[in-house]
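Data first, discussion second: the structure below is written as structure tokens.
Numbering (our numbering), first residue to last: 1270 to 1479.
Take a look at the structure:
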């Protein structure tokens, strides 16, 4: 029973975070469809596919790094964890910047080739989504730190703020600025996530992932 309570205390907030993450990442496309048109949602999804390789790569890294960060915490304390994750966040942001430098020169041609000219001219939306990916990359270190320390409730609260910020921005900008306004909801949401994480005080020691 003690083990079950410990797992539930840790995991319930991750389950809630999954819902908040969906609202911050997927719901905007549905909201864009409601405020604008199904074509707007299709454009956003089409442009998101150019950024999705970054999401897949970072999701894989989270699973690999969590045990390593936990071990560093056990050996060197919270200071060692903070230093490691600071470097990880900077390296992640640099990786996004490098990906953007490689992708953007070819993006107009790729949009033309992959979508047969249907979404030509939407490179600015890809740029906006890459800015979103850059901000999200900077937030990955603090999120991983909270996971290792067992403070999953703070992760949920941060993603809840993200969802609120993103959907509010969508509701305010999409009716006036169309698809561009809808796309801006993504980096605003990620900025809210990063700001929420940075404003939080360091959590007390909690469950360590083995």
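Beta carbons are placed, not taken as given, at the ideal position from N, Cα and C, and that holds for glycine. The structure displayed is predicted, hence computed values, not measured ones.
Pairwise C-alpha distance: residue j and residue i
{"i": "residue 1344", "j": "residue 1434", "result": "38 Å"}
{"i": "residue 1445", "j": "residue 1451", "result": "10 Å"}
{"i": "residue 1381", "j": "residue 1320", "result": "17 Å"}
{"i": "residue 1456", "j": "residue 1402", "result": "8 Å"}
{"i": "residue 1240", "j": "residue 1358", "result": "The first residue shown for the chain is 1270 and the last is 1479, placing residue 1240 beyond what the model contains."}
{"i": "residue 1332", "j": "residue 1454", "result": "28 Å"}
{"i": "residue 1394", "j": "residue 1373", "result": "11 Å"}
{"i": "residue 1467", "j": "residue 1411", "result": "8 Å"}
{"i": "residue 1459", "j": "residue 1436", "result": "12 Å"}
{"i": "residue 1376", "j": "residue 1441", "result": "28 Å"}
{"i": "residue 1361", "j": "residue 1370", "result": "14 Å"}
is_contact[residue i, chain B] using C-beta, thresh 7 Å
{"i": "residue 1323", "result": "The structure shown contains no chain B; it is built from a single protein chain."}
Cutoff 7 Å; reference residue i; Cβ partners in own chain excluding five residues on either side
{"i": "residue 1475", "result": "Note that residue 1475 scores a pLDDT of 42, beneath 50, so its modelled location is shaky and nothing firm can be said."}
{"i": "residue 1463", "result": "1404, 1407 and 1408"}
{"i": "residue 1271", "result": "none"}
{"i": "residue 1388", "result": "1312, 1315 and 1380"}
Where the alpha helix (DSSP H) containing residue i begins and where it ends
{"i": "residue 1331", "result": "1321-1372"}
{"i": "residue 1450", "result": "1421-1452"}
{"i": "residue 1392", "result": "1392-1417"}
{"i": "residue 1317", "result": "1307-1317"}
{"i": "residue 1382", "result": "1376-1383"}
Same chain, Cβ closer than 6 Å to residue i, neighbours up to 5 away in sequence not counted
{"i": "residue 1353", "result": "1341"}
Contacting residues, own chain, Cβ-Cβ under 8 Å from residue i (five flanking each side not counted)
{"i": "residue 1447", "result": "1305 and 1309"}
{"i": "residue 1465", "result": "1426, 1427, 1430 and 1431"}
{"i": "residue 1323", "result": "1364, 1365, 1368, 1402 and 1406"}
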